[in-house]
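Data first, discussion second: the structure below is written as C-alpha cells.
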Amino acid sequence: MTAAAERALDDLSAKIVDVPLTVGTPPETLTILLRHFVDRPEHPVGAAPLGHRAVLLIHGGNTSSETFLVPHGGVATYLRERGWDVWLVDDRASPRVLDDRILGGQPLGGSVEAERRYFNFDRIAEEDVVGAIAHIRNLLGPRATLSVVGHCVGGATTSMAIARGRLDKFAVQAYVLTTMGLFFESPWDGWVKAEDYVIERVLSTTPGCRGIDPVQLRPPVLEASRRAARPWPAEFDEAYGAFPAAWLPPVSDVPEDDMLRRLSFMFGSPYDTAALDPSLRGSILCRLFGTMHLGLYLHAGQVVRRGYAGRFDAPDIIERPRLESPPRARHARRAAPRGPKPAHPPEGDLLPQHFRDKRITLLTGTENRLWHRESIDLMYEWLRNIEGRPASARVEKRIFPGFAHQDLYWRREEGDRDVYAAIAASLV
Amino acid sequence: MTGTPEVVGDETHGRSSRHRRVPVIVVGTGFGGAVAACRLAQAGYDVLVLERGRRYERHDFPAMPAAPALLPDLARWTWEPNQGIWDILDLEELVSVQAAGYGGGSLLYANVQLRPPDEIFDGAWPAVYRRPEELTPYFDLAAYMMQAAPITEHRHIYPKLVKAKQLALVMDELGREKEFFHPPIAVNTGQREEPNVHGVTQRPCTGCGKCCTGCPEGAKNTLDYNYLAIAERFGARVRTQCEVLDVRYGPNGGFTLQLADHLHGKREELETPYLFLCAGSVHTTRLLLRSESVPERPESLVGTGYFPGGDALGVVYDTKNPQYPSFGPTITTTAVHWRSVSPSSFFQLQDGGYAAELARLIGTLRAPLWLGRNRLLGKGDRPLRDRDAIRLIAASDVAPDPLPTAPSHSRLPSPLDALIAANHAHDFQSIVPERLRQGFLPFLKELEVPLLFPAVVGRTIEESIESFDDRLFRRLERLERFRVRPFAKDGKLRTWLRKTGRGFVAWAFGKDDVIALRSTRALFTQGGLDAASVARDWLGYDDDAADNRVMLLGMGRDAARGQLIYDTARDRVVADLDLFHLAPGYADEELFMTDIARALGGELRTNPAWAFLGKPVTVHNQGGCPMADSPELGVLDPNGEVYGKPGLYVLDGSALCRSVGVNPSATILALAERNIERFIATHPPLEPSPEGRAAYQKERKKSVEWAKRAREAGWTRTPPKPEDATRIAPPFRSKPLGLHFTETMQGYYEPDVPNAGRHDAVYREHETRGRPSHPMRMNLSMTVKNLAAFYEDPDHRMDVGGTIALRFPGAPAEAEYEEHPVEGMFELFTPRYKPYGITGKEPQRMRAQRRRAGGYGTVADPPARERFMTYRFALTDMPGYYLWGYKRVRENPALDAWRDTSSLFVTLLAPPSHGGKGLSVARGAGVVHVDLPGFLRHQVPSFTAGYAGAGNDGEFVPAEDDAMITWAIAKFAAFFFGSLQRIYAPDVTSLLASAFRSHTNNVRYEPPRLGK
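Residue numbers (my numbering), protein chains in the order written: chain A, 1 to 428; chain B, 10001 to 11012.
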C-alpha cells in the first residue's frame, strides 16, 4: 500500500510544474520552489481556466508542499477538481528545499552562524510568502482572484506578513489560516520543553549543528534518496532520553513510528496514526517530514515562550500577556539567552489595521497537540476586537472536533466535519 | 493602537495609558448587558460593549474528560488562571459561581425563563413595581426574544424524555400534580439548521444534556444568538477579554473606566458620560463598592440586600427504573412547594440533566470519602407508617436513542493525568540527567535520608508544637503582671508539656527518620495503587448505573438578607450571610428530595459541600444594589440609575430588591428591558436610527403574539399559586431525621423565694448554704424533630417530655413526692438575654445586642462568649404550674464547662395563691444538677437518631441505617462540643482555621438578629 501511495504521490508530483524562485535581497538570497498544478483533472467539475480563481497553499515547518498532495491527491487535487487554479510553494522550511538542496552543500553565507540568519519566521514571511504571492499576482494580473491557505508555520508567517503590511498591495481576497495565526499557544508539554531551553543548549554544546531531522531510523526509500543521514546532537538526544516516556508514543523499531515519537518530542504529537487516512501508513510518512533548521527551531522556541509572534530574538522572557502575576522567577531571567530587554518591543510592527479589511477564516482541530487550539481562539478574539472593520470583511472560525494537527489535511470525514469542504467554502 | 499583542511589562501597566472618550459603555454581556447593548444600538447610540470573557461558539466550550482520561484538558475551564468560562468565587460564607464569556450567564444557565409570582414584588420593591402589570409587557418581550417555550414544544425531544415523565408520575403519587409543570426554556425548538427569528442560524437540539457546560450544537438560545447579534448588527462595538478593573467618578460627572485588555496584556483608560454596569450581582457590587469605599460616603448602601437564593443539589442514585439523565435539556420540569403565601415563601425542585461525560464526576457525590454523611435515605428505606407510604413509580415505556459519539483520536491529556502517568512509569527519575544523577545519588544517600529529611521532619514537628504552645498560653502570659509565673514560656510546666508532646509524636509515629523514610516512600511509590482505581474506589469517580440516576436542583425564595462587604486588602468581596436563616430551609428541600427518591426507589445523596463543609454554593446571585424610591432606602432609583451619580446605570441581577425564588434570568431581562426603554425615552440619541426603532417596534408586536400563543397553548409561565390558602402544600411524606436522648437531674429548690429571677449567684449561695428543704428530681426526654432544621434554627429548639418529681410549696412536710408529667421546650446555646436571671447592669452587652438587633454591618462584633440553655415546661396534670430554668455557659477564668453545663437554675411558677385567675407567679427557685455517673451511664447511651413521632403511638423510632445514626450523633456532638469550645477556648478555632481553613456550619456563631 505504501509503495502504491508513494507511486501515486510521485506521479502527481511529476504533473506539477516546479518554478524555482529566488527570494531575498542580495547577497542573502536563496531559491525556493513555487509549484503550479497545471495538470487538467480527469473529471473537471466546473473547472475554470487556469489563472482565474487562484489559491496558494503554504505548508508548515519541516514539511513540504506534499502535505497538500496526500492522501489521494490531497486538498490540492480537491480544489483543482472544483475549479481552482492551485499553486503550492516549497519555502525554505521544506525538506524539498532544505534537505535536498541547502543542507547537502556548504552553509549559506559561508558559516553555520551566518546560515542561521536565513532561517527564521521573519525571513519566511517577508521573503518566501511575499515573494510567492507577488510572483503569482504578477502572472495573474490585477483582476484575477487570489486566495492563500497557510498551515501551521505557513499560517503564522502569512499572518506576520499581513500584520507588517507586506501583502496589502497584492489584493489577496481570502486567507485561510489553519492551526496558527499570530498567537502561539502550545499544550503544556510543549511549554515545558521551551522553558527548558533545549535548543539553546544544543546551540552551545554543538555549534556546528544545522538542523534536527526527526527521521533517524531510515526506511529504504529514504536511503535511496539524496537525503543524508543526520544524527541528533548529543545534548538533544539526552533531553529526548530524559523526557518522560509516558508522554510520548511507545518506543518502536519501525521507522515511521520512531519518527512519530521523535516528532512528538520535538514539537508535540502532530497526528495519531490511527486517525490518518489508511493510505498514509508506512514509510511514506517519513518522506513527508524533513529537517527542522535550528534557526527556525530557535525562533519557534521563542514564540512558544512569548505566546505570540515577534521578530527573531525579540525578548521572550516576559510576562505572558494574559496573566497578571509577579515577575518571573530570577532563575528564568538568568537563563535568558541574550542581552537586556530592548526599550521598544520589535513586535510592535505587527499592526492590527492591516487585517481590518481582510477576509479571514481560521481553522483548527480540538485535539491539536502541537499547537493548542487556543492559538486560533486567541487569534479569532484578536481579529474580532479590531475596531472599524467594514461589514464586508469577514472573520470566521471553524473548529473541528476530534481533529489534531496534521490530520486536518490527512483525513477526510463526512458532512460538517469535512475540512476540505470548509476550506473550499472559505476561498473566493 | 500601538500594535498587536504587546509586551506586558511593568511600564505598560502604569497609568501612562491613553484616555479615550466613548459615548456609551456597557460593561458585561449577561442578561442585563445584552439587553442594554441591543436596545442602545437599535436606538442609534454609538455603544461600546466590554466583556471580560471570550467568545464561545459551538465547539469552543471546555471539553469534557472522556474515559479513560480522568480529568479534562483544563484550558478555558476556570476564569482565574486562564480566562476560562467558570468564575468560581469564594465569598467566605458561600461559594458563588458565575460565567465569564460573551453572553454571560446565558452560556451556562439551565435555560429556564420563569416569571416570578406577583407576590414577590412586595414592599421591598419601589412602588411602581408592585403593580403586577408594570413588567408584563417586558416579560413578554423577553420571552419572545429568548423564544422561551416549554419542553413539550420540542417535538423531537419530548416524546422520549424519560426523566420528565418519571417525575410527572412521582408528583402524581405525592399528590403534587397541580404544583408540577414544564417551565418555558430558551432552547431552539426547530428540527433543522435554519435562521432563528433574529436571523442567526441555529442548529436543532440533540438533547445531549450539555446545557450547563456549554451547548456544543448552538441550539441553546444564548444571548449571542439574539440580543448581542442584534446589537452587533446595529453597530455596537464589542471588545472581548476586556475586564473593567475600576470605575472612577469624574468631578463634573462622567466616569473613567480602568480596564485590563487581557488579549493585549495592557491597561487602558476610557471615559464616558453614560455607563451601564451589568457585570453580574457580585462583580457590579464589587466595582461600586470599590469606587465608593471612600471616606465621604461611609453610609453607602451598596452591598446591602444580597440574596444567594436557596440553591441545593441532590442526586438520586440507583433508581429502580432508568431515568436517562443525560438526555434532554438540563431543566425540563419544575415542582413548586409553597411554604406560605404571604409573605411569599416557596421553593422549586427541578430536574437536572448533565453531559454523559460528567457521569463519573456526578458519581463522586456518593464517594466513600463522605462516609455517608450526605446520605439522607438508606437504600430501600421502608415506610414507617401506612400513611407515609410512597409507591414505587413504574418504568416509562420509551427510551431515548443513544447519542452518536464523536470519534476521538489522540485526546489531549490533561496535565494532571499526564503527571500521574509519568509518575507511575517512574519517569521523573529519568528527567534528572544521567551525569547529574550519577554524581548526586551517592550524595543523596549520604545526606538526604539520614540527615536532611529527618531534620526537616523534626523541625516541622517542633515548630508546630512551639506555635501550638504559644497560642495556647498567650493569654495566660498576661498573668505575669500579677507576679504569677506558672505559665511562663521557659517555666517547668510548659517545658514539660512541649517535651511530652514531642515524645507523643515519636511514640505514635516513630522517630523523625522513620517518619521521613515512610513519607518519602509513600510519595514515590503511591502505595502500589494506580490513579484510576483510587479515583473510582475512594473518590467515587464512577459512572456505574449512569442511566438510573436523576439529579434534583433546588432553589427558592430566600428571606435572609445578606450583605456583600468589600475587602480592601485583597480587592474582593466577601458575603456576610445569616446561614441559619437561609430560607426556604435546606431542610425542607431535602425532605422533598427524599420523597422523590423514595418514589423512584433510589438512594439520595446531597451536595457534600453543604452537608460536609457547611458552605453552600450558589449560582443565582441576586441583589447588592437594590432599587428603592428614595436614596435613603436603596442604591438605585426605580429606573436603575444610581442615586447621586447621574449617567451611571445598573441593569443586572444586582438591581433586584429581593430574591425572586424562581430562576432569575427572566426577571433580569424584563427589568433591563423596562429600564433601558426609560433611558432611551429620556435621553434621545443624537442620530436616532429609524431602522432600529422599526425593528424594536416589530419585536414588541411579535412579543404580544408570542404571549397570546403561550396563553392559548396553556404554557405555565409562572409557578402556580396554591388554590386554597389553607392548603399551602401537601405535607412531606418522609419524616426528617431527628435525635432523641434522656437527661436526669436532681437538686433542690427553696419555696417562696420572693424575687425569682435573681442573679444565679444567689442560687449558688443556696446550694452551698446547705440543703434546702424541697428536693426535686427530673427525668427528661429530649427530642429533636428535624435535625437539619435544628441547626438552622438560631435558638436550637427541641421538645422536652418526661416527668418531674417534687413537693409543692405549702405541702405538708410528710407529703409524698409526686411524679408529674411535663411537656415543654428546650433551647440549646441561645445567645439571647432571657427575662430572668440577668440584671440589666451590663450596658456594653446590652448596647451590642441592640446594635445586632438593628441589622447588619456588625461583622466586627466579636462572637458573644456567653450562651444559655433554657428549659421551659409545663406540668401537664397541674394547670398553671410551670418550671423555667437555664444553664448559663460562659467563659470564666477557670475551665468550668462541666459545672456550667450540668447546673440548671430553676424557677417554679404556680397559680396565684388566692386561686383566682391570673398569671402564674414565682413560688420558688433552686438548682438541679446532672451527676457524672448518671450522665455516663444513662444519658450518653441514650442518644439515638431516627424519626420523631413515627411510631404508631407517636413514639420515637430509631433509624435503620447505622451510618446515618452514627453521623447524626457525631454531628450533634460536633455541634455541642464545638459550641462549648467556641466559648471556652476560642483560640483553638483560629488555630484550627489557620491549619485547615475549614468552615463548619454547625459550630459557628454569627450574631443572629433579634426581633425577626
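C-beta: ideal position from N, C-alpha, C; glycine also.
Check                                                                                                                                  : Outcome
Nonlocal neighbours in the same chain, by C-beta distance under 7 Å from Ser10942 (chain B), ignoring five residues either side        : Phe10741 and Thr10742
8 Å Cβ cutoff, Pro10065 (chain B) in contact with chain A                                                                              : no
Euclidean distance between Cα positions of Glu9963 (chain B) and Gly10218 (chain B)                                                    : Summary: the structure shown does not reach residue 9963 (chain B), with chain B confined to residues 10001 through 11012, and so no result is reported for it.
Within-8 Å CB hit, Ala10099 (chain B) to chain A                                                                                       : no
As assigned by DSSP and simplified to three states, the class of Ala10945 (chain B)                                                    : strand
Own chain residues within Cβ distance below 8 Å of Asn10196 (chain B), not counting five before or after                               : Gln10147, Asn10188, Gly10190, Gln10202, Asn10221, Tyr10225 and Asn10226
Cβ contact check for the region 10019 to 10028 of chain B and the region 10202 to 10217 of chain B: 3 or more pairs under 8 Å          : no
Integer-rounded CB distance, given that Gln406 (chain A) should sit under 8 Å from Pro270 (chain A)                                    : 4 Å
Cβ pair Tyr175 (chain A), Arg359 (chain A) closer than 8 Å                                                                             : yes
C-beta atoms of Arg35 (chain A) and Val89 (chain A) nearer than 8 Å                                                                    : yes
Option in A:Ala163, A:Pro207, A:Ile32 and A:Arg384 with minimal Cα separation from His354 (chain A)                                    : A:Ala163
Proximity of Ala10788 (chain B) and Tyr10984 (chain B) at Cβ, strictly below 8 Å                                                       : no
Delimiting residues of the beta strand (DSSP E) encompassing Gln10113 (chain B)                                                        : Segment: none, Gln10113 (chain B) is in no beta strand (DSSP E) and carries neither H nor E.
Residue nearest to Val10022 (chain B) in terms of C-alpha spacing, selected from B:Glu10269, B:Val10784 and B:Lys10178                 : B:Glu10269
Helix, strand or coil at Glu396 (chain A) according to DSSP, with G and I counted as helix                                             : strand
Extent of the continuous alpha helix (DSSP H) run through Gln10166 (chain B)                                                           : Val10162 to Glu10173
Run of the alpha helix (DSSP H) containing Pro255 (chain A), from where it starts to where it stops                                    : Pro255 to Met266
Cut-off 6 Å between Cβ atoms - residues of its own chain near Leu10349 (chain B), not counting five sequence neighbours on either side : Ala10335, Leu10552, Gly10554 and Phe10592
Three-state secondary structure (DSSP) of Leu288 (chain A)                                                                             : helix
CB contact below 8 Å: Ala156 (chain A) versus chain B                                                                                  : no
Beta-ladder partner(s) of Lys10887 (chain B), from DSSP                                                                                : B:Met10869
Beta carbon proximity, Leu10263 (chain B) to chain A, threshold 8 Å                                                                    : yes
CB contact below 8 Å: Glu374 (chain A) versus chain B                                                                                  : yes
Per-residue burial, Phe10977 (chain B) [other beta carbons within 10 Å of its own, 16 or more giving buried]                           : exposed
Whole-angstrom distance between Phe10972 (chain B) and Val10505 (chain B), CA atom to CA atom                                          : 30 Å
3 or more residues per run - each beta strand (DSSP E) lying fully within the region 135 to 205 of chain A                             : 145 to 151 and 174 to 178
Boundaries of the beta strand (DSSP E) in which Tyr10649 (chain B) is found, first to last residue                                     : Leu10648 to Val10650
Proximity below 8 Å, CB of Arg230 (chain A) to CB of Gly211 (chain A)                                                                  : yes
Any non-hydrogen atom of the ligand PLP closer than 7 Å to Ala10545 (chain B) Cβ                                                       : As for the ligand PLP, it is missing from this structure, which has no ligand bound.
Rounded straight-line distance, which links the Cα of Asp272 (chain A) to that of Trp247 (chain A)                                     : 14 Å
Minimum Cβ-Cβ distance from Leu9 (chain A) to chain B less than 8 Å                                                                    : no
Contact under 8 Å by Cβ, Ala10628 (chain B) with Pro10958 (chain B)                                                                    : no
Euclidean distance between Cα positions of Phe170 (chain A) and Met292 (chain A)                                                       : 30 Å
Asn385 (chain A): contacting residues in chain B (beta-carbon distance under 7 Å)                                                      : Arg10239, Thr10240 and Leu10263
Beta-carbon proximity check, Val10035 (chain B) vs Ile10676 (chain B), cutoff 8 Å                                                      : yes
Cross-chain neighbours of Pro10415 (chain B) in chain A, by beta carbon under 7 Å                                                      : Trp188
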